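Engineer: This structure is in structure tokens; I'll ask about it shortly.
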Amino acid sequence: MKRFLITTVLIFICFLLQCTVFHSLAFGGIVPNLLIVLTASFGFMRGEKTGLLIGFFCGILVDIFFGNTIGFYALVYMYIGYMNGKFSAIFYPQDIKLPIALILGSDCFYGLVCYVIMFLLRSRFEFGYYFMQIILPEIVYTIVVTIFLYPLILWINTGLERSELRSGKKFV
Numbered sequence: 010m011k012r013f014l015i016t017t018v019l020i021f022i023c024f025l026l027q028c029t030v031f032h033s034l035a036f037g038g039i040v041p042n043l044l045i046v047l048t049a050s051f052g053f054m055r056g057e058k059t060g061l062l063i064g065f066f067c068g069i070l071v072d073i074f075f076g077n078t079i080g081f082y083a084l085v086y087m088y089i090g091y092m093n094g095k096f097s098a099i100f101y102p103q104d105i106k107l108p109i110a111l112i113l114g115s116d117c118f119y120g121l122v123c124y125v126i127m128f129l130l131r132s133r134f135e136f137g138y139y140f141m142q143i144i145l146p147e148i149v150y151t152i153v154v155t156i157f158l159y160p161l162i163l164w165i166n167t168g169l170e171r172s173e174l175r176s177g178k179k180f181v
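Numbering (our numbering), first residue to last: 10 to 181.
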């Protein structure tokens, strides 16, 4: 129950920061995607199921407030969480290279899927422009924010795991 409450609060905090604080700190209209950082982080820290669930709830929030159709962003974030969960077997908390690479790949996947669904299918073929003006700057900004946000998420997850271990030992 404690993990559920803390994770829910983290989702809302990241969503609010992304929509308010970082929206006012936007560079050329580009905002870092904190929800991808959160979804990918919990995916490779906790596994496929957790990544899928957190991705769903992050995506549903984006769908409700910014989406044209309910479910598009939820599906994209679910894929991101699930695919990052595949890497939980090789995740080591001390190594920051894997999380950075996975978050970079996740943000790139997110940008490409959004381009294909929202622009390419509407016969807008300016991929070079879209990649250089939107996808790449968002990836760079998200990675810079990840360097500061990821250790906090890791610290929270480690604290939750320790708490669960302590409470599990009481019943043994």
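Just so you know, even glycine gets a beta-carbon here, dropped at the ideal spot from N, CA and C.
Source: prediction; values computed, not measured.
For the ligand NAD, is there a heavy atom less than 6 Å away from the beta-carbon of I162?
Structural biologist: This structure lacks the ligand NAD, and indeed carries no ligand of any kind.
Engineer: Count the CB pairs spanning the region 93 to 113 and the region 132 to 139 that are closer than 8 Å, and state whether there are at least three.
Structural biologist: The region 93 to 113, when compared against the region 132 to 139, does not touch it at the 8 Å Cβ threshold.
Engineer: DSSP puts I39 in a beta bridge; with which residues?
Structural biologist: DSSP output for I39 lists F36 as bridge partner(s).
Engineer: Which residue's Cα is closest to the Cα of L161: V122, C28, L19 and E147?
Structural biologist: L161 has its Cα closest to that of L19, out of V122, C28, L19 and E147.
Engineer: Quick check on the DSSP output: what are the complete alpha helix (DSSP H) runs of length 4 or more inside the region 100 to 177, in order along the chain?
Structural biologist: Counting whole runs of 4 or more residues, the region 100 to 177 contains the alpha helix (DSSP H) stretches 106 to 127 and 136 to 139.
Engineer: Roughly how many whole angstroms lie between the Cα atoms of M127 and R12?
Structural biologist: Taking the straight line from one Cα to the other gives about 35 Å.
Engineer: DSSP on F96, reduced to helix/strand/coil?
Structural biologist: Coil at F96, not helix or strand.
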